[in-house]
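In my numbering, the protein residues as written are 2 to 172.
Where a beta carbon is used, it is the ideal one built from N, C-alpha and C, also for glycine.
Predicted, not measured: the structure shown is a model, and the values here were computed from it.
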Amino acid sequence: MTILEIIEAPDARLKVKSKPVEAVDDSVRRLLDDMLDSMYEAKGIGLAAIQVGASKRILVIDLAENDEKKPLFVVNPEIISSSDELAVYSEGCLSVPEHYADIERPATVKVRYLDYNGDQQEQTMTGLLATCIQHEIDHLDGILFIDHLSRLKRSMVLKKLEKARKLEAVT
Ligand code: GNR
Ligand code: NI
């Protein structure tokens, strides 16, 4: 296993639109495994491949709380329907460290994707899982949760991140 470095905003790589995977082969599975380990290490509940520099439509999620791991491996996801009902969650992002904001999204989504074995799945997701997969699919399209905020709020967050990065560089 390899712990991959997570890219932080502002970084042009996070704005890239990721490309579909042609086949779920061993190299894709290795990336899925490394992403899962990297996500656990960073204490996140989701991770998109672009956050570790791979512009492929791949993501991992694990909402399990304690030690019991329940990883969800998702390749080439497509939202095939969304509820009119919306839900608000306070979102965070490993690529936007230490910032949180309430984001409104469809409460329920039906997602079609390929699993770890390359088999097609369709799953209706609600609650935090629905929020998380929409957050991850946004990453695949080069969108961060702060892109759902007003321009003023987004630029305040980005400015703080840049400042923190500069401070880190000299200490
Ligand atoms: O760890 C994470 N927590 C989280 C909380 C609310 C909504 C979405 C998320 S995803 C985030 C990890 C991450 O950055 N995934 O891209
Ligand atoms: Ni994120």
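Among the options, the one whose alpha carbon lies nearest that of residue i
i, options, result
"ASN67", "VAL53, ARG58, VAL89, LYS44", "LYS44"
"ALA131", "VAL25, ALA24, ILE46, GLU42", "ILE46"
"MET126", "GLU163, GLU137, GLY93, VAL112", "VAL112"
Exposed unless 16 or more other CB atoms sit within 10 angstroms - verdict on residue i
i, result
"LYS160", "exposed"
"LEU168", "exposed"
"PRO21", "exposed"
"ARG31", "exposed"
"GLU98", "Note on identity: in this sequence residue 98 is Pro, with Glu being the wrong assignment. It is exposed - the Cβ of PRO98 has fewer than 16 other Cβ atoms within 10 Å."
"ASP180", "Any answer about residue 180 is impossible in this case: the structure gives the chain only from 2 up to 172."
"MET40", "buried"
beta-carbon residue i near the ligand GNR non-hydrogen atom, thresh 7 Å
i, result
"SER96", "yes"
"LEU5", "no"
"LEU73", "no"
"GLN52", "yes"
"THR132", "yes"
"ALA170", "no"
"TYR90", "yes"
"GLU23", "no"
"LEU48", "yes"
"GLU137", "yes"
Any non-hydrogen atom of the ligand NI within 7 Å of residue i CB
i, result
"HIS140", "yes"
"HIS149", "no"
"HIS100", "no"
Would the segment 96 to 111 and the segment 129 to 149 be scored as touching if the rule is three or more Cβ pairs under 8 Å? yes
Check whether the segment 5 to 20 touches the segment 46 to 64, counting contact only when three or more Cβ pairs, one atom from each stretch, lie closer than 8 Å. yes
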